[in-house]
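Everything below concerns the one structure shown next.
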Amino acid sequence: MLSTILKFVIYIFISIVAFVILIISLVFLADNFFEESLNKKRLKNSILYDHKIFPNLTKSIFFYQRLDSSDDGYWIVVYPLDNKTKVNFLSKKQLQGEKKITYSTVECIKPTIKKRWKTFNSNIHYVQPPELLRDHDDFERHDSFNVYGSEKNIGLVEQVCQQNKFIILEESQKNDHLYWAISANGKLLFSVYKID
3 MLSTILKFVI YIFISIVAFV ILIISLVFLA DNFFEESLNK KRLKNSILYD HKIFPNLTKS
63 IFFYQRLDSS DDGYWIVVYP LDNKTKVNFL SKKQLQGEKK ITYSTVECIK PTIKKRWKTF
123 NSNIHYVQPP ELLRDHDDFE RHDSFNVYGS EKNIGLVEQV CQQNKFIILE ESQKNDHLYW
183 AISANGKLLF SVYKID
């Protein structure tokens, strides 16, 4: 009799644990699905907008996100820079008045020291933190970024970001888009959007 009651209690306990694990898994999958849907929409809208302003842009080669907090940050789409787009960019820049700014004001990436899986189509990349932050428990969050889709061109983007020289074309319209930046070597165009 006691053995039967013990078996029943163990069965109930295992059932509750399995149910809790199932609920947690479903919440995790729903969150991943929501994030993937949101990122697909962001990417589609940003590519459409970028091609509206620069019709000769080729296909984007890299896109990533940097978060200042859990909800605020930047969404960046990177394109190879062709001559027609470069001329178009520089002529728009002349209308604004020429000014060059540096890496610290461009939402760029640093070389990855560690990465981990985040969602079905993204990975989070951790970078070497500044010396002041190395003793913090949350150092992995400082300057980390999420890469969506292919990571094939991450080396090229990191290399351009380390050169610290960009020409900025700021956005004059009131929307999520902040600015475009071309690298001084003329290889890449960065399109930067604000996430609220």
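Residues in the sequence shown are numbered from 3 upward in steps of one, following this note's numbering.
Heads up, the beta-carbon is just placed ideally off N, CA and C, and yes, glycines get one too.
Classify residue 17 as helix, strand or coil using the three-state DSSP reduction.
Working through the sequence shown from its first residue, we reach residue 17 at position 15. If DSSP states are grouped into helix, strand and coil, residue 17 belongs with the helices.
Review point. How is residue 37 classed by DSSP in three states: helix, strand or coil?
Key: Against the sequence shown, residue 37 aligns to sequence position 35. Of the three classes helix, strand and coil, the one that applies to residue 37 here is helix, per DSSP.
Drop a sphere of 10 angstroms on the beta-carbon of residue 81, count the other beta-carbons inside from all chains shown, and report buried for 16 or more, exposed for fewer. For the purposes of this step, residue 81 is identified with residue 79 of the sequence shown, where counting begins at 1. Per the 10 Å Cβ criterion, buried.
| task | Whole angstroms is fine: what's the gap from residue 50's alpha carbon to residue 43's? | result | Here residue 50 refers to the residue found at position 48 when the sequence shown is read from its first residue. Here residue 43 refers to the residue found at position 41 when the sequence shown is read from its first residue. Computed Cα separation, rounded: 11 Å.
Notebook entry, point to check: Can you tell which of 76, 153, 193 has the C-alpha that lies nearest to the C-alpha of residue 119?
Noted result: On the sequence shown, residue 119 is found 117 positions in, with the first residue counted as 1. That would be 153, whose Cα lies nearest to the Cα of residue 119.
**Asked** From which residue to which residue does the alpha helix (DSSP H) around residue 172 run?
**Response** Counted from its first residue, the sequence shown places residue 172 at position 170. In the DSSP annotation of this structure, residue 172 is not part of any alpha helix (DSSP H); the continuous beta strand (DSSP E) holding it starts and ends at 167-172.
With 16 other Cβ atoms within 10 Å as the buried cut-off, status of residue 114: As a working note, residue 114 is residue 112 in the sequence shown. Classification of residue 114: buried, given that the 10 Å Cβ count is 16 or more.
* Asked: For the putative contact between residue 68 and residue 109, defined by C-beta atoms under 8 Å, what is the C-beta separation to the nearest angstrom?
  -> The count along the sequence shown starts at 1 and reaches residue 68 at position 66. The count along the sequence shown starts at 1 and reaches residue 109 at position 107. 6 Å between Cβ atoms; contact.
- Query: Looking only at its own chain, which residues have a Cβ that is under 7 Å from the Cβ of residue 77, when we skip the five neighbours before and after it?
  - Reply: Looking up residue 77 in the sequence shown gives position 75. Cβ within range, chain order: 44, 48, 67, 195, 197.
- Query: In terms of residue numbering, what span does the beta strand (DSSP E) encompassing residue 197 cover?
  - Reply: On the sequence shown, position 195 is the one that residue 197 refers to. Residue 197: member of the beta strand (DSSP E) spanning 190-197, first to last residue.
| said: Distance check for residue 128 and residue 95, CA to CA, integer angstroms please. | reply: Your numbering for residue 95 matches position 93 in the sequence shown. Your numbering for residue 128 matches position 126 in the sequence shown. When rounded, the distance between both Cα atoms is 34 Å.
Residue 150 burial status per 10 Å Cβ neighbour count (16 or more: buried)
By one-based count along the sequence shown, residue 150 stands at place 148. Classification of residue 150: buried, given that the 10 Å Cβ count is 16 or more.
*Does the segment 178-196 come close enough to the segment 79-93 that 3 or more CB-CB pairs lie under 8 Å?*
yes
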